[in-house]
Amino acid sequence: MSRDARGASSRRTFLAAVGGVAAAGFTATAGCLGRAGSTPTVSVLAAGSLQRALTTEFESPEGTRVEVEAHGSARVARMVADGQRDPDIVALADPTLFDAPLSVPWYATFANNALVVAYNPQTDGGTRVAEAASWPDALLDDAVSLGRTDPDLDPLGYRTRFALALAADHYDRPALADDLLRRDQVYPETQLLAQFDAGGVDAAFVYRSMAVERGYPSLELPAAINLSDPDHASAYETASYTLPGGVTVRGAPIRYAATRRTDTAAAKSVFEALVGTAGDLLEPSGFTVRESHPHYFGDVPPTA
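As numbered in UniProt numbering, residues 1 to 304 make up the sequence shown, in order.
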């Protein structure tokens, strides 16, 4: 099946082909990837924004042990491409990374998200954000400390830059990103909202799911900015960022995607638990799962 034939394979056809077994979900154990004991172990290397859902919400398919390691998606892709990790399943927050730096024969998209500005209601700076008439003005306030992630390591970081580029046009504030961004605002994706708990950050650019999972309020950004709306896809594409190594990524509606790299029955059942029941498992955490998901791209395996 060609990559251009988007969605030509139905979920039922795909599952019949690869022998996937539907599961209610799986429980993942964060840590290093590996295989232990006689129980089949499936290793999942995942986007940092999926970590909480994968380690607290899912139940492992019967007779299967799942190990999860989470980092920024750009870092995950480079770790696999460079041979630093050899996981059974890779789940990323941007499917374009499956083309470069990775090169995989197929993948399935399974969820969407939106960019928001989360804030800490327990701090003075967070209160300023909540009460401000304009979120750009609130974040430019010297009394408000801002957090974000590294655009070289994960899509959340470069999507923050995309949103600011789009906001510059939307609000006619061409210097917005230059005025707002500083290097000392950068934290690892898996630790960003922990800065709220410590009172070190008043506001942060995060995925909606991250704010929902941690119970922090957030400001919804306009659809023209938040990278959630397919109707704005052409405008999103005007924003771009070049990763280390020269790969240029462009703005697009936020999509999560996964690929399976091994053909064991255990890996197939875990993959289906991730992409086949994503609506039930991820929507309560603030993700969006459209009726078209899972949606398959590339040369999907014809046989088990």
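Cβ coordinates follow ideal geometry from the N, Cα and C atoms, glycine included. Every value quoted in this text rests on a predicted model; they were computed, and no experiment measured them.
Helix, strand or coil at residue i according to DSSP, with G and I counted as helix
| i | result |
| --- | --- |
| E237 | coil |
| Y158 | helix |
| T55 | helix |
| A267 | helix |
| L92 | strand |
| V201 | coil |
| S49 | helix |
| A223 | coil |
| S43 | strand |
| R75 | helix |
| R85 | coil |
| R214 | helix |
| R261 | coil |
| residue 306 | No answer is possible for residue 306: the residues shown for the chain start at 1 and end at 304. |
| V66 | strand |
| V80 | helix |
Beta-carbon separation (whole angstroms), residue i vs residue j, contact threshold 8 angstroms
| i | j | result |
| --- | --- | --- |
| P95 | R255 | 6 angstroms |
| A77 | L50 | Between L50 and A77 the Cβ distance is about 14 angstroms, and since that is not below 8 angstroms, they are no contact. |
| L282 | A111 | 5 angstroms |
| E220 | V116 | 6 angstroms |
| P217 | Y119 | 6 angstroms |
| T109 | V270 | Not really, about 17 angstroms apart at Cβ, beyond 8 angstroms. |
| A258 | V90 | 6 angstroms |
| A209 | E57 | Sequence check: residue 209 is Ser here, not Ala. Contact flag wrong, Cβ pair sits at about 11 angstroms. |
| D154 | R250 | Between R250 and D154 the Cβ distance is about 16 angstroms, and since that is not below 8 angstroms, they are no contact. |
Pick from the options that is closest to residue i, judged by C-alpha positions
| i | options | result |
| --- | --- | --- |
| N113 | L164, T238, G246, P230 | P230 |
| P244 | D152, S145, Y107, S60 | D152 |
| L193 | E220, A211, T109 | A211 |
| P87 | A133, V144, A267, L274 | A267 |
| R182 | S234, A198, A81, S145 | S145 |
| A93 | Y158, P105, T238, W135 | Y158 |
| T238 | G83, Q51, A74, A163 | A163 |
| A132 | Y216, A203, T242, L176 | A203 |
| G246 | H170, H293, A100 | A100 |
| G48 | V206, L176, A233, G199 | V206 |
| P301 | R261, V66, V270 | R261 |
| A252 | D263, A235, A258 | A235 |
| D137 | L176, V104, T149 | L176 |
| A223 | P284, G279, H170 | H170 |
| S240 | S38, A165, A278 | A165 |
| H71 | V289, R85, D263 | R85 |
| S60 | S73, A74, P40, R75 | P40 |
Cα-Cα separation, residue i to residue j
| i | j | result |
| --- | --- | --- |
| Y214 | G298 | Per the sequence shown, the amino acid found at residue 214 is Arg instead of Tyr. Answer to the nearest angstrom: the Cα atoms are 35 angstroms apart. |
| T160 | A265 | 38 angstroms |
| V44 | V80 | 11 angstroms |
| D184 | D172 | 26 angstroms |
| V129 | W106 | 42 angstroms |
| W135 | L156 | 18 angstroms |
| F287 | P174 | 31 angstroms |
| E62 | F196 | 37 angstroms |
| A167 | L140 | 14 angstroms |
| H293 | G126 | 36 angstroms |
| R3 | G199 | Annotation note: pLDDT 36 at R3 (below 50); position unreliable, coordinate value reported separately. Those two C-alpha atoms are separated by around 46 angstroms. |
| G276 | D178 | 42 angstroms |
| E272 | V66 | 13 angstroms |
| A30 | E69 | At A30 the pLDDT is 37, less than 50, meaning the model places this residue with poor confidence; the figure from the coordinates comes in the next sentence. Their backbone Cα atoms lie some 6 angstroms apart in a straight line. |
| T149 | Y187 | 5 angstroms |
| A46 | G83 | 16 angstroms |
| S103 | V201 | 37 angstroms |
| G279 | E291 | 9 angstroms |
| G180 | D263 | Note on residue identity: the sequence assigns Leu, not Gly, to residue 180. For L180 and D263, the distance between alpha carbons rounds to 47 angstroms. |
| A143 | I225 | 24 angstroms |
| V289 | T123 | 33 angstroms |
| G147 | S38 | 43 angstroms |
| L54 | Q191 | 16 angstroms |
| T242 | T248 | 4 angstroms |
| R52 | S73 | 15 angstroms |
Item checked: Every unbroken alpha helix (DSSP H) inside the stretch 137-189 [4 residues or more] -> 155-170, 176-180
Checklist line | Minimum length 3: unbroken beta strand (DSSP E) runs contained in the stretch 271-304 | finding: Runs found: 295-298.
Item checked: Continuous alpha helix (DSSP H) assignments of at least 4 residues falling wholly in the stretch 95-136 -> 124-131
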